[in-house]
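In my numbering, the protein residues as written are 87 to 467.
Read the structure below first, then the notes.
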C-alpha cells in the first residue's frame, strides 16, 4: 500500500503523525510525506522520505507575519478563530494543492493521511478518487473553525470541479484521534468515523547531551514550545523557579538562544532542545504553553502541569487541565515570577494533581498503539 502523508510546517503538526508513518513503513507499506519546505528536515530526520510542497520558507514567514498583524488587536484566547480559517485555510491550502496534486498523480497513493491543519489533501484525494484520513495533532479543532476554513476554500474546490463537502472534506473517510476522551474539549458528533490512536512522543535527537541539574529535588520541565519560546514569558517562568527548592530544565526551542536568559543558578539548566520523551517520566511538574505535544506528553506520564497558554489550541488544552484537576492555569497577564512560584509549590505539594494526571495516563495507555491502527487503515484503502 502506498500512503501519502501531508502536513503544514509546525513541529506540533508534524511530530504527532510520525509514529503512525513509521508503523506503516514497519508493516511493509510505502510512505511519502509532502510538507511545507521548513518541515522537510523534521520529517527526513525521522527517517521518512519527505518532499517540499506548498509554501516555501519565505512563504511561511510571510503568512506568519501577516497573521501576527491581523490578530494584533484580538485577545489571545480568541485568535485561533481567525488564525485557523485564514492561515491553514485561505493562505496555505491553494499552494499546497498546486504542488500536491501532480505529486499525488505521480505517486498514485492508495490512501492519503493529512494532519488537521493541512486542508489540501482532502481536495486532492477527491480529485483522484482516493480515501483521505485526517490525523489530529491534539484535541479536536472546533467544528466551526474547520467549517469556516472550508467556506474560504469553496472557490478552490470549484476550480477542480468538485462540490465543497462539509468541513472541507476533513471527515469523509475517518478521523485519527490522539486525544483521550477525558481531556477532549469539543463535541465529535460531526465526525462519523473516529479511530483512536495513542499519542506517542517524538523528539529529534538533542544537539548535545543534557546536563541535568544534580540533586534529588523535584524536577521541573519548562518549555514554551517551538513557536513562542522566544517571548518574554519564558524569562518570567524561569524567574519564578529561581528561589524554589527544585531542579529545572528549560528548553528555549530549536531557534532559541539559551544564553539569552542570562546566567542561571546551578539548579536551573537551559538548553535549546530537550529530548522531552526521555525527560518527562522523571518530572514532578511541567510548566508550559500547553501546546498539544507537551500537554499530551505530560499526561501520558502522569505529570501535573502549570499551563501558561499563549495562543492557538493552548487555551483549550489549559481549560481541559483545569477542569480535570490535572494542573493550574495562569492566563496571559496573570503569570508573574511570584504567581508561577506559588503555582509550582502547590502542584508539588498537593498529591491530588498527580493522582488525577495518573488517571489520564492510564487512559492513554489503553488507547491503540500505532501498529494496532495500521490494519484499520489497510481496510480503508
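Cβ coordinates follow ideal geometry from the N, Cα and C atoms, glycine included.
Predicted model, so just to flag it, every value in this text is computed and none were measured.
Here residue 465 is exposed: its Cβ has fewer than 16 other Cβ atoms, across all protein chains shown, within 10 Å. Between the stretch 267 to 285 and the stretch 402 to 413, the count of Cβ pairs shorter than 8 Å is three or higher; the stretches touch. The beta carbon of residue 333 is closer than 6 Å to those of 299, 301, 303, 305 and 353 in its chain, skipping five residues each way along the sequence. By alpha-carbon distance to residue 426, the top candidate from 116, 372 and 142 is 372. Counting only unbroken stretches of 4 or more residues, the alpha helix (DSSP H) elements lying wholly within the stretch 122 to 173 are 126 to 131, 143 to 156 and 166 to 169, in sequence order. In the DSSP annotation of this structure, the continuous segment of the beta strand (DSSP E) that includes residue 218 starts and ends at 218 to 221. Of the candidates 364, 398 and 396, the residue whose Cα lies closest to the Cα of residue 384 is 364. With 16 or more other Cβ atoms from the protein chains shown falling within 10 Å of its own Cβ, residue 204 counts as buried. In this structure, residue 217 keeps its C-beta atom at 8 Å or more from the C-beta atom of residue 454. Counting only residues of its own chain and dropping the five nearest sequence neighbours on each side, residue 95 has a CB closer than 6 Å to the CB of 122, 124, 125 and 146. Boundaries of the beta strand (DSSP E) harbouring residue 354: 354 to 357, taken from the DSSP string. Contact annotation, residue 118 with residue 135: C-beta distance approximately 5 Å; criterion of less than 8 Å satisfied. Using a Cβ distance threshold of 8 Å, residue 337 and residue 359 count as a contacting pair. When only Cα atoms are considered, residue 444 and residue 342 end up about 32 Å apart. Following the DSSP letters along the chain, one finds residue 391 inside the beta strand (DSSP E) bounded by residues 391 to 393. Out of 130, 418, 185 and 87, the CA that lies nearest to the CA of residue 97 is found in 130.
Here residue 240 has 250 as same chain residues with Cβ atoms under 7 Å from its own Cβ, once five neighbours each way along the sequence are excluded. Between the alpha carbons of residue 110 and residue 420 lies a distance of about 44 Å.
Taking C-alpha positions only, residue 463 is separated from residue 347 by approximately 46 Å. In the three-state reduction of the DSSP assignment, residue 200 falls in the strand class. The three-state secondary structure of residue 264, taken from DSSP, is coil. Under DSSP, the beta-bridge partners assigned to residue 309 are 337 and 374. In the three-state scheme derived from DSSP, where H, G and I count as helix and E and B as strand, residue 177 is classed as helix.
Counting only the Cα atoms, residue 214 lies some 30 Å from residue 285.
Scanning its chain for C-beta atoms nearer than 6 Å, with the 5 sequence neighbours on each side dropped, one finds around residue 398 the residues 166, in chain order. In the structure shown, residue 413 adopts extended strand secondary structure according to DSSP, grouped into three states. Residue environment for residue 366: buried (at least 16 other C-beta atoms within 10 angstroms of its C-beta).
Residue 160 counts as exposed, since fewer than 16 other C-beta atoms from the protein chains shown sit within 10 angstroms of its C-beta. Between residue 407 and the set 438, 133, 87 and 423, the nearest pair of CA atoms involves 438. Annotated three-state conformation of residue 274 is coil, per DSSP. Setting aside the 5 residues that flank it on each side, residue 92 is surrounded in the same chain by 119, 120, 121, 139, 182, 186, 198, 199, 200, 201, 204, 206 and 207, each with a C-beta closer than 8 Å to its C-beta; the list follows chain order. Within the model, the alpha-carbon separation for residue 195 versus residue 88 is close to 5 Å. Taking C-beta atoms under 8 Å as the contact rule, residue 344 and residue 328 fail to qualify, at a distance of about 16 Å. Of all alpha-carbon atoms in 432, 230, 261 and 228, the one lying nearest the alpha-carbon of residue 412 is that of 432. Residue burial annotation: residue 424 is exposed, with fewer than 16 other C-beta atoms found within 10 angstroms of its C-beta.
Within the same chain, 310, 394, 396 and 421 come within 7 Å of residue 319 by CB-CB distance, once the 5 residues on both sides are set aside.
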